[in-house]
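Colleague:
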Amino acid sequence: MASETKVAIKNLYKIFGKNPTGMINHVMNGMSKKELLEKFNSVLALNDVNIDIPAKGIQVIMGLSGSGKSTLIRHVNRLIEPTSGELIVAGQNVLKMDKKELREFRRHTASMVFQKFALLPHHTILENVSYGLTIQNISKDEAAERSQQWIDKVGLKGYEKHFPSQLSGGMQQRVGLARALATDAEILLMDEAFSALDPLIRTEMQDVLLSLQKELHKTILFITHDLDEALRIGDNIAILRDGLVVQKGTPQEIVINPADKYVTDFIKDINRGRVLLVSSIMDSSKLTKGVEIEKNMIIEDALQIISKSGASKAIVTEDGKPIGSVELGRMIEAIARPNNNTEETANYH
Amino acid sequence: MSWYENIPTMDRQELRDFKKYVDISFKDFSRTYGDGIETFFDPLLYFLVWFEKLLINAPWPLIILVIAVLAWVGSRSIFVVSGTVCSFIVIGYFGMWEDTMSTLAIISISTLLCISVGIPIGIFMSRSDRLQSMVNPVLDVMQTIPSFVYLIPVVMLLGIGKVPGLIAVCIYALPPIVRLTNLGIRLVDNEILEASESFGASYSQKLFGVQIPLALPNIFAGVNQTIMMALAMVVIASMIGVKGLGVPVLRAVSNQYLALGMLNGLAIVALAIIFDRISQSFGKRLQKHLESEHGV
Chain A
1315 MASETKVAIK NLYKIFGKNP TGMINHVMNG MSKKELLEKF NSVLALNDVN
1365 IDIPAKGIQV IMGLSGSGKS TLIRHVNRLI EPTSGELIVA GQNVLKMDKK
1415 ELREFRRHTA SMVFQKFALL PHHTILENVS YGLTIQNISK DEAAERSQQW
1465 IDKVGLKGYE KHFPSQLSGG MQQRVGLARA LATDAEILLM DEAFSALDPL
1515 IRTEMQDVLL SLQKELHKTI LFITHDLDEA LRIGDNIAIL RDGLVVQKGT
1565 PQEIVINPAD KYVTDFIKDI NRGRVLLVSS IMDSSKLTKG VEIEKNMIIE
1615 DALQIISKSG ASKAIVTEDG KPIGSVELGR MIEAIARPNN NTEETANYH
Chain B
283 MSWYENIPTM DRQELRDFKK YVDISFKDFS RTYGDGIETF FDPLLYFLVW
333 FEKLLINAPW PLIILVIAVL AWVGSRSIFV VSGTVCSFIV IGYFGMWEDT
383 MSTLAIISIS TLLCISVGIP IGIFMSRSDR LQSMVNPVLD VMQTIPSFVY
433 LIPVVMLLGI GKVPGLIAVC IYALPPIVRL TNLGIRLVDN EILEASESFG
483 ASYSQKLFGV QIPLALPNIF AGVNQTIMMA LAMVVIASMI GVKGLGVPVL
533 RAVSNQYLAL GMLNGLAIVA LAIIFDRISQ SFGKRLQKHL ESEHGV
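If you read the protein sequences in the order shown, they are chains A and B. Mapped onto our numbering, the consecutive letters of the first sequence carry residue numbers 1315 to 1663. Mapped onto our numbering, the consecutive letters of the second sequence carry residue numbers 283 to 578.
As structure tokens, then:
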């Protein structure tokens, strides 16, 4: 990818247990998670994780519970120490930092949003949002002024003097988001940030995040167990299973070309029409006449345009120029739920 | 088979020597260091005497006014304040004013002492599991050992008087504040601590900004318990020369004065209830932010 790498995770291993460094050789020699647990009573949480996260994009780490995703994100700001591996964040080697450097790093470079919000219950919303700033010993007035901007931005104007317990879950997470943004850190770590919210509020918060991202261009590391969420907000997705990265790619790549049965099972139930782009199913060898569809449109929207026009074909365009065509039947085929057959899924290519 | 019928015991002579040895070495110890230790506690004694005189010599309406204001600050309840004022007037009416003031003085000072010693110990305990496992048995001993037993070495060391009484009260009243401070800090939500850490909070920023404030309700329960235990100790402390409501109670017990015993006993109860209500409602007010007012 063209843009610079903001967070580089290299050969990261994490083993929980009595003698993690002693276990690392077993793991490198190919011992499985199950075997390690049975023989040595140690838990292999992360197994040779390599992810390069480009700047200014949203990198989603996805996996079911126990896959190690929350452990992984806590390595980025070193809330958890790795057993082995390297971690370069914004050009700095995080693992070589001493305590003071690490504090500075956490204050200015990477801030975090938590699954259960983790707000300070005894502080007001304004005090919560300015928490990161007060820790930096910024004067109260300046902290309040800077925090107020973010409170307005996440839509909580008027709630400054309330306590967290007086707010609904969605609003509490807006506070969490504002608190993380208020430090102006360039990297945002979001640990299942929207998972505790009910579906409607979750979608709403995703919109809030996406619209903020359009303006702020942060590097966001977003952890989730929800594939729909991952596909919706991720520029890149890495799927984690038992501490192992099973697939990395854009949402398109993952849906069109799942790496193995695990991923195939994962994407089985998603709304493909809302993920796949016209460009990924168009036929660039033929040009037809008809309505024009932009190549970066999702199929769901394209279907609407075609069915309104009454035609069965459409021209795919890029910057207004025709580059291919697509048929109605092909589109319907693409969004149909695939069988459990990897072969057939791969045929979409 | 004699070992089967009788539990093996130390030889009588040996046992006597052993006890003698312990007694004599402690006597030597107190002879050598007793004066030093007494001088060490002198400032405390002066302060205690000064505070007691202050309470006794001040005009009674002023004392009641001050207590009423404290009750109001603590509880914000007219009910508690008027109850407090009535109790003190009744106590005075039955001629127990001076003893009550003495008791008030020793309770206040021993509570302050317990708080200033107990909270730091509790904080250190919460930071280390090893320290916790070492301190916990000590606290168990302090709470369960019959108080008369530790009165002996205290009296041997410091003689009879206010300071040994104060120390006896503190030994008895210290454990709850230590335990509940430790517990309160350990119960603080881990994710909130993690959040504080993720924003780069230093050790002291975490302790004073997050852990202690969130542990306050528990710490306050500890303060409340400490006050109650200190009051319970008042009668026993009067045996080693502490003035106050315990003295007439002791006299009543040895002379079978029912009315005297009842009156002074009830005065202690009244003090206990007043302290309890005030400190509890103060503790509750500290948690006001936890009251949910959804959708306001």
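No residue lacks a Cβ here, since even glycine has one placed at the ideal position from N, Cα and C.
Ordered along the chain, which non-local residues of its own chain (more than five positions away) have a Cβ less than 7 Å from that of B/L327?
Modeller: The sequence position of residue 327 of chain B within the second sequence is 45, counting from 1. The answer, listed in chain order, is K444 and V445.
Colleague: Using a Cβ cut-off of 7 Å (strictly closer), state whether B/S563 contacts chain A.
Modeller: Within the second sequence, residue 563 of chain B is the residue found at index 281, counting from 1. Judged by the 7 Å Cβ criterion, B/S563 is not in contact with chain A.
Colleague: Less than 7 Å between CB atoms is the rule here; does B/P458 satisfy it with respect to chain A?
Modeller: By 1-based counting over the second sequence, the position of residue 458 of chain B is 176. Output row for B/P458: interface = no.
Colleague: Take B/K525 as the anchor and find which of B/V492, B/I389, B/M416 and B/I474 has the nearest alpha-carbon.
Modeller: One-based indexing of the second sequence puts residue 525 of chain B at position 243. Measuring from the Cα of B/K525, the nearest candidate turns out to be B/I389.
Colleague: Within 7 Å of any Cβ in chain A, is that where the Cβ of B/E575 sits?
Modeller: Position 293 of the second sequence holds residue 575 of chain B. Annotation note: pLDDT 47 at B/E575 (below 50); position unreliable, coordinate value reported separately. With 7 Å as the cut-off, B/E575 counts as an interface residue toward chain A.
Colleague: Could you name the residues of chain A that B/S484 contacts, counting a contact when the two beta carbons are closer than 7 Å?
Modeller: To locate residue 484 of chain B, count along the second sequence from 1; it is residue 202. Neighbours of B/S484 on chain A, chain order: R1417.
Colleague: Which residues in chain B have a C-beta closer than 8 Å to the C-beta of A/N1391? List them in chain order.
Modeller: Within the first sequence, the letter at position 77 stands for residue 1391 of chain A. Chain B residues near A/N1391: S480.
Colleague: Please decide whether A/G1483 counts as near chain B, where near means a Cβ-Cβ distance under 7 Å.
Modeller: If you number the first sequence from 1, residue 1483 of chain A lands on position 169. So no, A/G1483 is outside the interface.
Colleague: Going by the DSSP bridge assignment, what does A/M1426 pair with across the sheet?
Modeller: In the first sequence, counting from the first residue as 1, residue 1426 of chain A sits at position 112. Looking at the DSSP assignment, A/M1426 forms a beta bridge with A/L1503.
Colleague: Per DSSP, what kind of secondary structure is A/D1597 in: helix, strand or coil?
Modeller: Walking along the first sequence from the start, residue 1597 of chain A turns up at place 283. In this structure, A/D1597 counts as strand in the three-state DSSP scheme.
Colleague: Would you check if the distance between the CB atom of B/A512 and the CB atom of B/T393 is smaller than 7 Å?
Modeller: Here residue 512 of chain B is taken as the residue at index 230 of the second sequence, counted from 1. Here residue 393 of chain B is taken as the residue at index 111 of the second sequence, counted from 1. In this structure, B/T393 lies closer than 7 Å to B/A512 by Cβ.
Colleague: Under a CB-based cut-off of 7 Å, is B/Q493 close to chain A?
Modeller: What you label residue 493 of chain B is simply residue 211 of the second sequence in a count that begins at 1. No, B/Q493 does not count as interfacial toward chain A.
Colleague: Could you give the first and the last residue of the continuous alpha helix (DSSP H) run that contains B/R296?
Modeller: Looking up residue 296 of chain B in the second sequence gives position 14. For the record, residue 296 of chain B in the displayed sequence is Glu; it is not Arg. Taken as a continuous stretch (DSSP letters only), the alpha helix (DSSP H) holding B/E296 covers R294 to N339.
Colleague: With distance defined between alpha-carbon atoms, name the residue in B/I319, B/I518, B/A483 and B/S563 nearest to B/P499.
Modeller: Residue 499 of chain B sits at position 217 when you count from the first residue of the second sequence. Among B/I319, B/I518, B/A483 and B/S563, the Cα nearest to that of B/P499 is on B/S563.
Colleague: Note the first and the last residue of the continuous beta strand (DSSP E) segment covering A/F1330.
Modeller: Position 16 of the first sequence holds residue 1330 of chain A. Where A/F1330 is concerned, the enclosing beta strand (DSSP E) stretches over T1319 to F1330.
Colleague: Quick one: measure Cβ to Cβ for A/T1631 and A/I1646, integer angstroms, because I've assumed they're closer than 8 Å.
Modeller: For the purposes of this step, residue 1631 of chain A is taken as the residue at position 317 of the first sequence. For the purposes of this step, residue 1646 of chain A is taken as the residue at position 332 of the first sequence. Contact doesn't hold; Cβ gap of about 21 Å is too wide.
Colleague: Can you give the Cα-Cα distance for A/L1409 and B/I501, rounded to whole angstroms?
Modeller: Counting from one through the first sequence, the residue named residue 1409 of chain A turns up at place 95. Counting from one through the second sequence, the residue named residue 501 of chain B turns up at place 219. Cα-Cα distance, rounded: 37 Å.
Colleague: Between which two residues does the beta strand (DSSP E) carrying B/F370 extend?
Modeller: Along the second sequence, one-based indexing puts residue 370 of chain B at 88. Run containing B/F370: none in the beta strand (DSSP E); it sits in the alpha helix (DSSP H), I360 to Y375.
Colleague: Within 10 angstroms of the Cβ of B/E240, are there 16 or more other Cβ atoms? Answer buried if so, exposed if not.
Modeller: Residue 240 of chain B cannot be examined here, being either before or after the span of chain B that is shown, 283 to 578.
Colleague: I'd like to know whether the C-beta of B/A350 is nearer than 7 Å to at least one C-beta of chain A.
Modeller: Position 68 of the second sequence, counted from the first residue, corresponds to residue 350 of chain B. Cβ-Cβ to chain A under 7 Å: no for B/A350.
Colleague: Let me know if A/D1291 comes out buried or exposed under the rule of 16 or more other beta-carbons within 10 Å of its beta-carbon.
Modeller: Outside the shown range of chain A (1315 to 1663) lies residue 1291 of chain A, about which nothing can therefore be said.
Colleague: So, does the CB of B/E473 fall closer than 7 Å to a CB anywhere in chain A?
Modeller: Counting from 1 along the second sequence, the entry for residue 473 of chain B is found at position 191. Chain A contact via Cβ: present.
Colleague: Assuming B/A549 and B/T508 make a contact with CB atoms under 8 Å, what is their CB distance in whole Å?
Modeller: Residue mapping note: residue 549 of chain B aligns to position 267 of the second sequence, counting from 1. Residue mapping note: residue 508 of chain B aligns to position 226 of the second sequence, counting from 1. B/A549 to B/T508, Cβ: 20 Å. No contact.
Colleague: Taking 8 Å as the limit between beta carbons, can you name the residues of its chain near A/L1440, skipping five residues before and five after?
Modeller: Translated into the one-based positions of the first sequence, residue 1440 of chain A becomes position 126. Result list for A/L1440: A1458, S1461, Q1462, I1465, E1474 and K1475, in chain order.
Colleague: So what does A/R1555 bridge to, in DSSP terms?
Modeller: The residue labelled residue 1555 of chain A in the question sits at position 241 within the first sequence. Paired residues: A/L1558.
Colleague: May I ask you to list the residues that DSSP assigns as paired with B/A512?
Modeller: Here residue 512 of chain B corresponds to residue number 230 of the second sequence, with the count starting at 1. According to DSSP, B/A512 bridges with nothing at all.
Colleague: If the criterion is Cβ atoms closer than 7 Å, does the pair A/A1322 and A/D1366 meet it?
Modeller: As a working mapping, residue 1322 of chain A is identified with position 8 in the first sequence. As a working mapping, residue 1366 of chain A is identified with position 52 in the first sequence. Going by C-beta atoms, A/A1322 is nearer than 7 Å to A/D1366.
Colleague: What runs of the alpha helix (DSSP H), each 4 residues or longer, lie entirely inside the segment 1600-1650 of chain A?
Modeller: 1613-1623 and 1642-1649, all fully within the segment 1600-1650 of chain A.
Colleague: DSSP puts A/G1667 in a beta bridge; with which residues?
Modeller: This structure does not reach residue 1667 of chain A, given that chain A is present from 1315 up to 1663, and the question cannot be answered.
Colleague: Determine the closest residue to A/K1328 out of A/K1320, A/S1381, A/M1376 and A/I1568, with distance taken between C-alpha atoms.
Modeller: The sequence position of residue 1328 of chain A within the first sequence is 14, counting from 1. Per the Cα distances, A/S1381.
Colleague: Give me the chain B residues within the contact set of A/L1434, using Cβ-Cβ distance strictly less than 9 Å, ordered along the chain.
Modeller: As a position in the first sequence, residue 1434 of chain A is number 120, starting the count at 1. Within chain B, the residues near A/L1434 are I474, A477, S478, G491, V492, P495 and L496.
Colleague: So the candidates are B/F481, B/D293, B/F370 and B/V516; which of them puts its Cα closest to the Cα of A/F1428?
Modeller: For the purposes of this step, residue 1428 of chain A is taken as the residue at position 114 of the first sequence. That would be B/F481, whose Cα lies nearest to the Cα of A/F1428.
Colleague: Bridge partners for A/F1580 per DSSP, in chain order?
Modeller: Counting from 1 along the first sequence, the entry for residue 1580 of chain A is found at position 266. Answer is none; A/F1580 lacks a bridge partner.
Colleague: Using only CA atoms, which one of A/D1498, A/A1496, A/I1501 and A/D1540 lies nearest to A/L1511?
Modeller: Mapped onto the first sequence, residue 1511 of chain A falls at position 197. Residue A/D1540 is the option with its Cα nearest to A/L1511.
Colleague: Are there 16 or more other CB atoms within 10 angstroms of the CB of B/Y315, so buried, or fewer, so exposed?
Modeller: Taking the second sequence and counting its residues from 1, one reaches residue 315 of chain B at position 33. The residue is exposed, with fewer than 16 neighbouring Cβ atoms inside 10 Å.
Colleague: Taking DSSP's pairing of strands, which residues face A/I1375 in a bridge?
Modeller: On the first sequence, residue 1375 of chain A is found 61 positions in, with the first residue counted as 1. Its beta-bridge partners are A/I1537 and A/A1552.
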